[in-house]
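Below: one structure, written as C-alpha coordinates.
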Amino acid sequence: MKKYLVIQLARFGDLIQTKRLIQSLASCQNSEVHLCLDTSLAPLARLVYPHVIIHPITAHGTGRNASTMLQRLLIDNRQTFASLQALDFDTIYNLNFSGLNFRLAALFDAKKVRGYSWRNGQECTETWPAMAMRWSSLRRLGINLMDFWAGYCPERIKPESVNPPATPKGNGIGVVLAGRESRRSLPPTTLATIVSTLGTVQKTDSIVLLGGQTEQAAGHAVFKNLSPALQKKTRNLAGKTDWNDLVEIVDSLDVLMTPDTGTMHLAAHLGTPVMAFFLSSAWCFETGPYGAGHTVYQAITHCLPCLETRPCELDVACLAPFESPEFKRFLVTRKKEHLPDNLIKFQSDFDTLGQIYTPLAGTDSDTASRTVFRNFIAQYLLKTGTQFQADEQVFAQRIQREKDWMTQMQHFEPHGHCND
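Be aware that the sequence shown starts at 2, since it is given in my numbering, and climbs by one per residue.
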(Lines of atoms letter the chains of each structure in order from A and count residues from 1; the text may use other names and numbers.)
(Lines give C-alpha, C1' and ligand atoms only; values in the text may rest on other atoms or scores of the structure.)
Protein backbone atom coordinates (compact mmCIF):
# COMPACT_ATOMS: atom_id res chain seq x y z
CA MET A 1 0.00 0.00 0.00
CA LYS A 2 1.23 3.46 -0.89
CA LYS A 3 0.95 6.12 1.80
CA TYR A 4 0.52 9.78 0.90
CA LEU A 5 0.69 12.72 3.30
CA VAL A 6 -0.85 16.09 2.48
CA ILE A 7 0.30 18.95 4.71
CA GLN A 8 -2.27 21.74 4.58
CA LEU A 9 -1.73 24.25 7.39
CA ALA A 10 -3.80 27.12 6.03
CA ARG A 11 -7.40 28.05 6.83
CA PHE A 12 -10.97 26.77 6.38
CA GLY A 13 -11.30 27.58 2.67
CA ASP A 14 -7.87 26.17 1.82
CA LEU A 15 -8.79 22.88 3.47
CA ILE A 16 -11.79 22.50 1.15
CA GLN A 17 -9.79 23.65 -1.87
CA THR A 18 -7.35 20.78 -1.33
CA LYS A 19 -10.14 18.36 -2.28
CA ARG A 20 -9.14 17.63 -5.88
CA LEU A 21 -5.61 16.69 -4.79
CA ILE A 22 -6.83 14.55 -1.89
CA GLN A 23 -9.48 12.80 -3.98
CA SER A 24 -6.96 12.20 -6.77
CA LEU A 25 -4.55 10.53 -4.36
CA ALA A 26 -7.38 8.51 -2.82
CA SER A 27 -8.40 7.27 -6.27
CA CYS A 28 -4.98 5.71 -6.83
CA GLN A 29 -5.03 1.94 -6.52
CA ASN A 30 -4.08 0.57 -3.09
CA SER A 31 -3.47 4.01 -1.55
CA GLU A 32 -3.83 5.49 1.94
CA VAL A 33 -4.14 9.26 2.30
CA HIS A 34 -3.13 11.17 5.43
CA LEU A 35 -3.80 14.85 6.13
CA CYS A 36 -1.86 17.10 8.52
CA LEU A 37 -3.71 20.29 9.43
CA ASP A 38 -4.42 22.75 12.23
CA THR A 39 -6.25 21.14 15.13
CA SER A 40 -9.12 23.68 14.92
CA LEU A 41 -10.11 22.25 11.53
CA ALA A 42 -9.87 18.56 12.43
CA PRO A 43 -13.64 18.12 13.14
CA LEU A 44 -14.49 19.68 9.77
CA ALA A 45 -11.85 17.61 7.96
CA ARG A 46 -13.41 14.42 9.32
CA LEU A 47 -16.76 15.50 7.87
CA VAL A 48 -15.36 16.51 4.48
CA TYR A 49 -12.78 13.72 4.12
CA PRO A 50 -14.13 10.71 6.05
CA HIS A 51 -11.79 8.33 4.20
CA VAL A 52 -8.63 10.27 5.14
CA ILE A 53 -6.48 9.72 8.25
CA ILE A 54 -6.24 13.04 10.11
CA HIS A 55 -3.13 14.28 11.97
CA PRO A 56 -3.98 17.54 13.80
CA ILE A 57 -1.25 19.88 14.99
CA THR A 58 -1.18 23.34 16.53
CA ALA A 59 -0.47 25.68 13.61
CA HIS A 60 -2.51 28.79 14.44
CA GLY A 61 -3.87 30.75 17.36
CA THR A 62 -0.94 30.40 19.73
CA GLY A 63 -1.39 33.89 21.13
CA ARG A 64 2.37 34.31 21.22
CA ASN A 65 4.62 36.86 19.59
CA ALA A 66 6.43 36.00 16.38
CA SER A 67 9.85 35.59 18.01
CA THR A 68 8.74 32.64 20.16
CA MET A 69 5.81 31.26 18.14
CA LEU A 70 7.73 28.86 15.87
CA GLN A 71 9.76 27.41 18.74
CA ARG A 72 6.58 26.91 20.77
CA LEU A 73 4.82 25.23 17.84
CA LEU A 74 7.66 22.78 17.39
CA ILE A 75 7.58 21.84 21.07
CA ASP A 76 3.78 21.54 21.24
CA ASN A 77 3.66 19.30 18.18
CA ARG A 78 6.63 17.08 18.95
CA GLN A 79 4.61 13.90 19.52
CA THR A 80 2.64 14.26 16.26
CA PHE A 81 5.83 15.01 14.34
CA ALA A 82 7.38 11.81 15.66
CA SER A 83 4.31 9.81 14.63
CA LEU A 84 4.38 11.26 11.13
CA GLN A 85 8.07 10.56 10.73
CA ALA A 86 7.56 6.91 11.66
CA LEU A 87 4.89 6.26 9.00
CA ASP A 88 7.32 6.05 6.06
CA PHE A 89 5.22 7.93 3.47
CA ASP A 90 5.85 7.35 -0.22
CA THR A 91 5.17 11.00 -1.08
CA ILE A 92 4.61 14.12 1.04
CA TYR A 93 2.70 17.03 -0.48
CA ASN A 94 3.74 20.13 1.47
CA LEU A 95 1.38 22.83 0.24
CA ASN A 96 2.12 26.03 2.19
CA PHE A 97 5.00 28.48 2.11
CA SER A 98 5.55 28.93 5.85
CA GLY A 99 8.25 28.40 8.45
CA LEU A 100 6.31 25.58 10.08
CA ASN A 101 5.78 23.81 6.74
CA PHE A 102 9.49 23.91 6.00
CA ARG A 103 10.29 22.53 9.46
CA LEU A 104 7.77 19.76 8.92
CA ALA A 105 9.43 18.93 5.59
CA ALA A 106 12.71 18.40 7.44
CA LEU A 107 11.20 15.30 9.04
CA PHE A 108 11.23 13.45 5.73
CA ASP A 109 13.57 12.42 2.95
CA ALA A 110 13.70 15.53 0.75
CA LYS A 111 13.38 13.40 -2.38
CA LYS A 112 9.89 12.38 -1.26
CA VAL A 113 8.64 15.91 -0.59
CA ARG A 114 6.66 17.83 -3.21
CA GLY A 115 6.12 21.57 -2.98
CA TYR A 116 8.26 23.07 -0.23
CA SER A 117 11.15 20.99 1.09
CA TRP A 118 14.15 21.18 3.40
CA ARG A 119 17.43 20.24 1.68
CA ASN A 120 20.86 20.43 3.17
CA GLY A 121 19.66 22.91 5.77
CA GLN A 122 17.97 25.17 3.23
CA GLU A 123 14.35 25.98 2.40
CA CYS A 124 13.66 24.98 -1.22
CA THR A 125 10.72 25.50 -3.57
CA GLU A 126 9.85 22.99 -6.29
CA THR A 127 9.36 24.02 -9.93
CA TRP A 128 5.54 23.99 -9.90
CA PRO A 129 5.01 26.39 -6.95
CA ALA A 130 7.96 28.47 -8.15
CA MET A 131 6.14 28.92 -11.46
CA ALA A 132 3.02 29.96 -9.56
CA MET A 133 4.98 32.60 -7.67
CA ARG A 134 6.11 34.01 -11.03
CA TRP A 135 2.61 34.14 -12.47
CA SER A 136 1.28 35.86 -9.34
CA SER A 137 1.98 39.12 -11.18
CA LEU A 138 -0.65 37.94 -13.71
CA ARG A 139 -3.42 37.37 -11.17
CA ARG A 140 -6.23 38.19 -13.60
CA LEU A 141 -5.16 35.17 -15.63
CA GLY A 142 -4.35 32.68 -12.86
CA ILE A 143 -5.85 29.23 -12.35
CA ASN A 144 -8.15 28.11 -9.55
CA LEU A 145 -6.33 27.19 -6.34
CA MET A 146 -8.07 23.80 -6.33
CA ASP A 147 -6.51 23.03 -9.72
CA PHE A 148 -3.13 24.40 -8.69
CA TRP A 149 -2.83 22.07 -5.71
CA ALA A 150 -4.16 19.19 -7.80
CA GLY A 151 -1.32 19.93 -10.23
CA TYR A 152 1.07 18.13 -7.89
CA CYS A 153 -0.61 14.81 -8.74
CA PRO A 154 0.01 13.49 -12.26
CA GLU A 155 -3.10 11.27 -12.13
CA ARG A 156 -5.71 13.90 -11.32
CA ILE A 157 -9.40 13.08 -11.25
CA LYS A 158 -11.48 15.01 -13.76
CA PRO A 159 -12.48 18.46 -12.48
CA GLU A 160 -16.19 17.84 -12.97
CA SER A 161 -16.01 14.82 -10.63
CA VAL A 162 -14.68 16.81 -7.65
CA ASN A 163 -17.92 18.46 -6.48
CA PRO A 164 -21.60 17.86 -7.31
CA PRO A 165 -23.23 20.30 -9.74
CA ALA A 166 -25.07 23.17 -8.07
CA THR A 167 -28.60 22.03 -7.19
CA PRO A 168 -31.13 23.90 -4.99
CA LYS A 169 -31.95 21.91 -1.85
CA GLY A 170 -35.28 23.54 -0.93
CA ASN A 171 -34.62 25.37 2.32
CA GLY A 172 -34.27 29.00 1.30
CA ILE A 173 -31.41 31.47 1.33
CA GLY A 174 -28.23 31.36 3.38
CA VAL A 175 -26.22 34.55 3.87
CA VAL A 176 -22.57 34.56 4.92
CA LEU A 177 -22.16 37.88 6.68
CA ALA A 178 -18.45 38.52 6.12
CA GLY A 179 -15.08 36.99 5.39
CA ARG A 180 -11.78 37.37 7.22
CA GLU A 181 -10.74 40.43 5.19
CA SER A 182 -13.06 43.40 5.61
CA ARG A 183 -12.65 44.93 2.14
CA ARG A 184 -13.66 41.65 0.51
CA SER A 185 -17.06 41.73 2.23
CA LEU A 186 -20.14 43.83 1.54
CA PRO A 187 -21.24 46.28 4.28
CA PRO A 188 -24.33 45.11 6.21
CA THR A 189 -26.61 47.73 4.67
CA THR A 190 -25.54 46.80 1.14
CA LEU A 191 -25.90 43.11 1.91
CA ALA A 192 -29.36 43.68 3.40
CA THR A 193 -30.52 45.39 0.20
CA ILE A 194 -29.36 42.45 -1.93
CA VAL A 195 -30.90 39.91 0.48
CA SER A 196 -34.19 41.82 0.46
CA THR A 197 -34.25 41.95 -3.33
CA LEU A 198 -33.42 38.28 -3.82
CA GLY A 199 -35.72 37.16 -1.01
CA THR A 200 -38.62 39.06 -2.56
CA VAL A 201 -37.92 37.91 -6.12
CA GLN A 202 -37.59 34.27 -5.10
CA LYS A 203 -40.47 34.47 -2.62
CA THR A 204 -38.32 32.62 -0.13
CA ASP A 205 -39.74 31.10 3.03
CA SER A 206 -36.48 31.09 4.96
CA ILE A 207 -33.35 33.22 5.35
CA VAL A 208 -30.50 32.21 7.64
CA LEU A 209 -27.59 34.51 8.52
CA LEU A 210 -24.28 32.71 9.03
CA GLY A 211 -20.97 33.70 10.55
CA GLY A 212 -18.78 33.47 13.61
CA GLN A 213 -19.07 35.35 16.86
CA THR A 214 -17.27 38.35 15.35
CA GLU A 215 -20.10 38.65 12.78
CA GLN A 216 -22.92 38.82 15.32
CA ALA A 217 -23.12 42.62 15.09
CA ALA A 218 -23.20 42.44 11.30
CA GLY A 219 -26.02 39.93 11.57
CA HIS A 220 -28.03 42.30 13.75
CA ALA A 221 -27.40 45.14 11.27
CA VAL A 222 -28.55 43.06 8.29
CA PHE A 223 -31.62 41.86 10.17
CA LYS A 224 -32.53 45.42 11.19
CA ASN A 225 -32.42 46.57 7.55
CA LEU A 226 -34.80 43.87 6.29
CA SER A 227 -38.51 44.49 5.88
CA PRO A 228 -40.77 43.27 8.72
CA ALA A 229 -42.08 40.55 6.42
CA LEU A 230 -38.59 39.20 5.73
CA GLN A 231 -37.54 39.57 9.38
CA LYS A 232 -40.21 37.03 10.29
CA LYS A 233 -38.53 34.54 7.96
CA THR A 234 -34.96 35.27 9.09
CA ARG A 235 -32.77 33.60 11.72
CA ASN A 236 -29.48 35.15 12.79
CA LEU A 237 -27.24 32.18 13.60
CA ALA A 238 -23.94 34.08 13.65
CA GLY A 239 -21.80 32.59 16.41
CA LYS A 240 -24.35 29.85 17.13
CA THR A 241 -23.20 26.97 14.91
CA ASP A 242 -20.53 24.31 15.18
CA TRP A 243 -19.07 22.46 12.17
CA ASN A 244 -21.83 19.84 12.16
CA ASP A 245 -24.52 22.51 12.29
CA LEU A 246 -22.89 24.50 9.49
CA VAL A 247 -22.64 21.48 7.19
CA GLU A 248 -26.26 20.53 7.86
CA ILE A 249 -27.56 24.05 7.23
CA VAL A 250 -25.51 24.75 4.10
CA ASP A 251 -26.45 21.36 2.66
CA SER A 252 -30.16 22.28 2.92
CA LEU A 253 -30.17 25.66 1.14
CA ASP A 254 -31.49 26.78 -2.24
CA VAL A 255 -28.62 29.25 -2.52
CA LEU A 256 -25.78 30.62 -0.40
CA MET A 257 -25.01 34.32 -0.77
CA THR A 258 -21.42 34.97 0.26
CA PRO A 259 -18.15 36.80 -0.21
CA ASP A 260 -15.01 34.72 -0.82
CA THR A 261 -15.16 32.54 2.33
CA GLY A 262 -14.56 29.04 3.56
CA THR A 263 -18.33 28.57 3.84
CA MET A 264 -18.58 29.33 0.11
CA HIS A 265 -16.19 26.45 -0.62
CA LEU A 266 -18.13 24.21 1.77
CA ALA A 267 -21.32 24.96 -0.19
CA ALA A 268 -19.59 24.07 -3.46
CA HIS A 269 -18.30 20.86 -1.86
CA LEU A 270 -21.90 19.96 -0.97
CA GLY A 271 -23.37 21.01 -4.33
CA THR A 272 -25.36 23.90 -2.84
CA PRO A 273 -25.69 26.77 -5.35
CA VAL A 274 -23.45 29.74 -4.57
CA MET A 275 -24.09 33.39 -5.36
CA ALA A 276 -20.72 34.96 -4.61
CA PHE A 277 -19.68 38.61 -4.46
CA PHE A 278 -16.02 39.15 -5.34
CA LEU A 279 -14.24 42.48 -4.94
CA SER A 280 -11.01 43.97 -3.62
CA SER A 281 -8.36 41.22 -3.38
CA ALA A 282 -10.87 38.44 -4.12
CA TRP A 283 -10.61 37.20 -7.70
CA CYS A 284 -12.88 34.39 -8.82
CA PHE A 285 -10.38 32.86 -11.25
CA GLU A 286 -8.11 32.20 -8.27
CA THR A 287 -10.48 31.21 -5.47
CA GLY A 288 -14.00 31.08 -6.88
CA PRO A 289 -16.50 28.31 -6.02
CA TYR A 290 -15.53 24.97 -7.56
CA GLY A 291 -18.22 23.13 -9.48
CA ALA A 292 -20.72 23.62 -12.29
CA GLY A 293 -23.57 26.11 -12.09
CA HIS A 294 -22.44 28.59 -9.43
CA THR A 295 -22.81 32.35 -9.91
CA VAL A 296 -20.12 34.93 -9.23
CA TYR A 297 -20.51 38.70 -9.40
CA GLN A 298 -16.97 39.94 -9.96
CA ALA A 299 -16.12 43.62 -9.59
CA ILE A 300 -13.87 44.86 -12.38
CA THR A 301 -11.75 47.98 -11.91
CA HIS A 302 -8.27 48.76 -13.18
CA CYS A 303 -6.74 48.12 -9.73
CA LEU A 304 -8.19 44.64 -9.16
CA PRO A 305 -7.27 42.24 -7.76
CA CYS A 306 -5.42 44.23 -5.13
CA LEU A 307 -3.54 43.25 -1.98
CA GLU A 308 -5.63 43.40 1.16
CA THR A 309 -2.54 44.26 3.18
CA ARG A 310 -2.12 47.56 1.35
CA PRO A 311 -4.40 50.51 2.11
CA CYS A 312 -6.91 51.37 -0.61
CA GLU A 313 -6.32 54.84 -2.03
CA LEU A 314 -9.52 54.76 -4.10
CA ASP A 315 -12.07 54.53 -1.28
CA VAL A 316 -12.90 50.91 -2.23
CA ALA A 317 -14.18 51.91 -5.68
CA CYS A 318 -14.86 48.25 -6.48
CA LEU A 319 -17.73 48.31 -3.97
CA ALA A 320 -19.70 50.86 -6.00
CA PRO A 321 -21.33 48.41 -8.48
CA PHE A 322 -22.86 46.41 -5.63
CA GLU A 323 -24.33 49.56 -4.08
CA SER A 324 -25.73 50.99 -7.30
CA PRO A 325 -29.50 50.98 -7.99
CA GLU A 326 -28.73 49.28 -11.30
CA PHE A 327 -27.53 46.14 -9.51
CA LYS A 328 -30.78 45.83 -7.60
CA ARG A 329 -32.63 46.34 -10.88
CA PHE A 330 -30.52 43.66 -12.58
CA LEU A 331 -31.32 41.14 -9.84
CA VAL A 332 -35.01 41.72 -10.55
CA THR A 333 -34.99 41.86 -14.36
CA ARG A 334 -31.88 39.73 -15.15
CA LYS A 335 -31.45 41.80 -18.30
CA LYS A 336 -27.82 42.25 -19.37
CA GLU A 337 -28.28 45.93 -20.12
CA HIS A 338 -29.22 46.57 -16.49
CA LEU A 339 -25.95 45.23 -15.06
CA PRO A 340 -23.94 48.16 -13.66
CA ASP A 341 -20.56 49.13 -15.08
CA ASN A 342 -17.45 47.53 -13.60
CA LEU A 343 -19.25 44.28 -12.81
CA ILE A 344 -19.41 40.89 -14.53
CA LYS A 345 -21.84 38.07 -13.85
CA PHE A 346 -20.01 34.75 -14.28
CA GLN A 347 -21.25 31.18 -14.21
CA SER A 348 -18.85 28.41 -13.20
CA ASP A 349 -17.96 25.65 -15.64
CA PHE A 350 -14.98 23.48 -16.66
CA ASP A 351 -12.40 22.99 -19.36
CA THR A 352 -9.81 20.21 -19.56
CA LEU A 353 -7.53 22.02 -17.10
CA GLY A 354 -10.16 22.69 -14.46
CA GLN A 355 -12.47 25.45 -13.23
CA ILE A 356 -13.44 28.31 -15.53
CA TYR A 357 -16.00 31.11 -15.32
CA THR A 358 -18.10 32.10 -18.32
CA PRO A 359 -19.51 35.64 -18.50
CA LEU A 360 -23.30 35.77 -18.68
CA ALA A 361 -23.45 39.57 -18.47
CA GLY A 362 -20.74 42.21 -18.65
CA THR A 363 -17.48 42.10 -20.59
CA ASP A 364 -14.43 40.07 -19.61
CA SER A 365 -11.59 41.84 -21.42
CA ASP A 366 -9.05 39.25 -20.24
CA THR A 367 -10.67 36.25 -21.93
CA ALA A 368 -8.24 36.00 -24.85
CA SER A 369 -5.09 36.32 -22.70
CA ARG A 370 -6.47 33.95 -20.10
CA THR A 371 -7.18 31.32 -22.77
CA VAL A 372 -3.59 31.50 -23.99
CA PHE A 373 -2.31 31.28 -20.42
CA ARG A 374 -4.47 28.23 -19.67
CA ASN A 375 -3.27 26.55 -22.85
CA PHE A 376 0.31 27.12 -21.71
CA ILE A 377 -0.38 25.65 -18.24
CA ALA A 378 -2.34 22.75 -19.76
CA GLN A 379 0.63 21.86 -21.97
CA TYR A 380 2.88 21.84 -18.92
CA LEU A 381 0.56 19.72 -16.74
CA LEU A 382 -1.12 17.50 -19.30
CA LYS A 383 2.01 17.02 -21.42
CA THR A 384 0.08 17.85 -24.59
CA GLY A 385 1.82 19.00 -27.75
CA THR A 386 5.52 19.22 -28.44
CA GLN A 387 6.04 22.96 -28.49
CA PHE A 388 4.38 26.20 -27.43
CA GLN A 389 2.47 28.32 -29.92
CA ALA A 390 3.80 31.80 -30.67
CA ASP A 391 1.36 33.55 -28.30
CA GLU A 392 2.22 31.07 -25.53
CA GLN A 393 5.93 31.78 -25.81
CA VAL A 394 5.44 35.02 -23.86
CA PHE A 395 4.24 33.08 -20.84
CA ALA A 396 6.92 30.41 -21.26
CA GLN A 397 9.64 33.05 -21.19
CA ARG A 398 8.11 34.86 -18.24
CA ILE A 399 7.15 31.89 -16.05
CA GLN A 400 9.66 29.15 -16.83
CA ARG A 401 13.42 29.03 -16.39
CA GLU A 402 15.86 27.09 -18.53
CA LYS A 403 16.38 24.45 -15.85
CA ASP A 404 12.63 23.77 -15.86
CA TRP A 405 12.69 22.24 -19.33
CA MET A 406 16.28 21.31 -20.18
CA THR A 407 16.14 18.02 -18.23
CA GLN A 408 13.45 15.73 -16.87
CA MET A 409 14.63 16.21 -13.29
CA GLN A 410 12.45 18.05 -10.80
CA HIS A 411 14.19 21.27 -9.85
CA PHE A 412 14.09 23.31 -6.70
CA GLU A 413 14.58 27.01 -6.12
CA PRO A 414 16.40 27.68 -2.84
CA HIS A 415 15.90 30.55 -0.42
CA GLY A 416 19.62 30.97 -0.02
CA HIS A 417 21.40 28.02 -1.65
CA CYS A 418 20.36 24.43 -2.25
CA ASN A 419 22.26 21.50 -3.73
CA ASP A 420 20.24 18.66 -5.30
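Cβ atoms here follow ideal geometry from the backbone N, Cα and C, with glycine treated the same way.
Contact check, residue i vs residue j under 8 Å by CB: the rounded distance?
{"i": "Ser32", "j": "Leu38", "result": "Between Leu38 and Ser32 the Cβ distance is about 19 Å, and since that is not below 8 Å, they are no contact."}
{"i": "Met132", "j": "Ile400", "result": "5 Å"}
{"i": "Pro290", "j": "Ser186", "result": "Not confirmed; about 16 Å, so no contact."}
{"i": "Phe347", "j": "Val297", "result": "4 Å"}
{"i": "Cys285", "j": "Arg184", "result": "Between Arg184 and Cys285 the Cβ distance is about 16 Å, and since that is not below 8 Å, they are no contact."}
{"i": "Tyr50", "j": "Ile23", "result": "6 Å"}
{"i": "Gly143", "j": "Glu309", "result": "Contact flag wrong, Cβ pair sits at about 16 Å."}
{"i": "Pro160", "j": "Gly355", "result": "4 Å"}
{"i": "Val333", "j": "Met258", "result": "Rounded, the Cβ-Cβ distance is 16 Å, inconsistent with contact."}
{"i": "Leu108", "j": "Ala60", "result": "Rounded, the Cβ-Cβ distance is 15 Å, inconsistent with contact."}
{"i": "Leu247", "j": "Thr235", "result": "The Cβ separation is near 17 Å, so there is no contact."}
{"i": "Leu211", "j": "Gly173", "result": "Between Gly173 and Leu211 the Cβ distance is about 12 Å, and since that is not below 8 Å, they are no contact."}
{"i": "Leu139", "j": "Phe377", "result": "No, Leu139 and Phe377 are not in contact; Cβ-Cβ is about 11 Å, not under 8 Å."}
{"i": "Asn226", "j": "Ala193", "result": "4 Å"}
{"i": "Ile17", "j": "His266", "result": "4 Å"}
{"i": "Leu178", "j": "Ala239", "result": "6 Å"}
{"i": "Thr273", "j": "Asp252", "result": "6 Å"}
{"i": "Ala293", "j": "Ser349", "result": "6 Å"}
{"i": "Glu127", "j": "Phe103", "result": "The pair is not a contact, with the Cβ atoms about 12 Å apart (cut-off 8 Å)."}
{"i": "Arg21", "j": "Val163", "result": "5 Å"}
Using CA atoms only, rank isn't needed, just tell me which of the options is closest to residue i.
{"i": "Arg115", "options": "Leu101, Gln123, Asn121 and Asn97", "result": "Asn97"}
{"i": "Arg335", "options": "Val202, Pro322, Thr310 and Gly289", "result": "Val202"}
{"i": "Pro166", "options": "His295, Ala369, Ala318 and Tyr358", "result": "His295"}
{"i": "Ala83", "options": "Ile195, His56 and Ala300", "result": "His56"}
{"i": "Phe149", "options": "Asp15, Leu105 and Gly272", "result": "Asp15"}
{"i": "Ala219", "options": "Gly180, His35 and Ser366", "result": "Gly180"}
{"i": "Leu315", "options": "Ile76, Cys304 and Asn237", "result": "Cys304"}
{"i": "Phe328", "options": "Gly355, Ala362, Phe396 and Ser41", "result": "Ala362"}
{"i": "Lys170", "options": "Val256, Asn145, Thr40 and Gly263", "result": "Val256"}
{"i": "Phe331", "options": "Glu161, Leu199, Leu42 and His221", "result": "Leu199"}
{"i": "Thr364", "options": "Ile378, Thr385 and Pro341", "result": "Pro341"}
{"i": "Asn245", "options": "Val373, Ala11, Ala46 and Cys125", "result": "Ala46"}
{"i": "Thr302", "options": "Ala293, Gly292, Arg311 and Ala318", "result": "Ala318"}
{"i": "Arg141", "options": "Tyr358, Thr385 and Lys384", "result": "Tyr358"}
{"i": "Tyr153", "options": "Ile8, Asp367, Ser366 and Gln299", "result": "Ile8"}
{"i": "Met2", "options": "Phe13, Leu231, Val34 and Gly272", "result": "Val34"}
{"i": "Asp89", "options": "Phe103, Ala111 and Gln72", "result": "Ala111"}
{"i": "Ala321", "options": "Gly292, Ser281, Arg311 and Cys307", "result": "Ser281"}
{"i": "Ala277", "options": "Leu271, Gln299, Leu267 and His270", "result": "Gln299"}
{"i": "Pro229", "options": "Lys113, Asn95 and Ile208", "result": "Ile208"}
{"i": "Ile250", "options": "Thr191, Leu271, Arg135 and Arg311", "result": "Leu271"}
{"i": "Leu231", "options": "Lys241, Gln80, Thr205 and Arg79", "result": "Thr205"}
{"i": "Pro306", "options": "Lys241, Gln214 and Phe279", "result": "Phe279"}
{"i": "Asp367", "options": "Ile345, Ala283, Arg120 and Ser349", "result": "Ile345"}
{"i": "Leu36", "options": "Leu42, Arg311 and Leu6", "result": "Leu6"}
{"i": "Gln380", "options": "Ala222, Ala369 and Thr353", "result": "Thr353"}
{"i": "Ser41", "options": "Arg21, Leu10 and Gln30", "result": "Leu10"}
{"i": "Asp77", "options": "Trp129, Asp91 and Ile58", "result": "Ile58"}
{"i": "Ala43", "options": "Thr215, Arg12 and Gln72", "result": "Arg12"}
May I ask which residues mark the beginning and end of the beta strand (DSSP E) holding residue i?
{"i": "Phe109", "result": "From DSSP, Phe109 is part of no beta strand (DSSP E); its letter is neither H nor E."}
{"i": "Ala300", "result": "Thr296 to Ala300"}
{"i": "Ala277", "result": "Val275 to Phe279"}
{"i": "Ile23", "result": "Note, Ile23: premise wrong, no beta strand (DSSP E); alpha helix (DSSP H) at Lys20 to Ser28."}
{"i": "Pro155", "result": "Neither: Pro155 is in no beta strand (DSSP E) and is coded neither H nor E."}
{"i": "Val34", "result": "Ser32 to Asp39"}
{"i": "Thr259", "result": "Val256 to Thr259"}
{"i": "Pro57", "result": "Ile54 to Ile58"}
Would you list the residues sitting across from residue i in a DSSP beta bridge?
{"i": "His249", "result": "Residue identity differs from the one stated: residue 249 is Glu in this sequence, not His. In DSSP, Glu249 forms no bridge with anything."}
{"i": "Gln401", "result": "Note: Gln401 sits in no beta bridge, so no partner."}
{"i": "Glu124", "result": "Trp119"}
{"i": "Val7", "result": "Leu36 and Tyr94"}
{"i": "Pro290", "result": "The partner list for Pro290 (beta bridge, DSSP) is empty, contrary to what the question assumes."}
Give the range of the alpha helix (DSSP H) segment to which residue i is assigned.
{"i": "Met2", "result": "Premise fails: Met2 is in no alpha helix (DSSP H) and is neither H nor E."}
{"i": "Val49", "result": "Ala43 to Val49"}
{"i": "His270", "result": "Gly263 to Leu271"}
{"i": "Glu161", "result": "Element bounds for Glu161: n/a, residue is neither H nor E."}
{"i": "Pro322", "result": "Ala321 to Glu324"}
Report yes or no: is there a C-beta of chain B within less than 7 Å of the C-beta of residue i?
{"i": "Asp342", "result": "Here there is only one protein chain, and chain B is not present."}
Unbroken stretches of the alpha helix (DSSP H), 4 residues or longer, contained in the stretch 81–107: 100–106
Beta strand (DSSP E) runs wholly inside the stretch 335–394, at least 3 long, in chain order: 344–351 and 356–362
Entirely within the stretch 170–252 and at least 3 residues each: give me those beta strand (DSSP E) ranges in chain order. 174–177, 208–211 and 235–237
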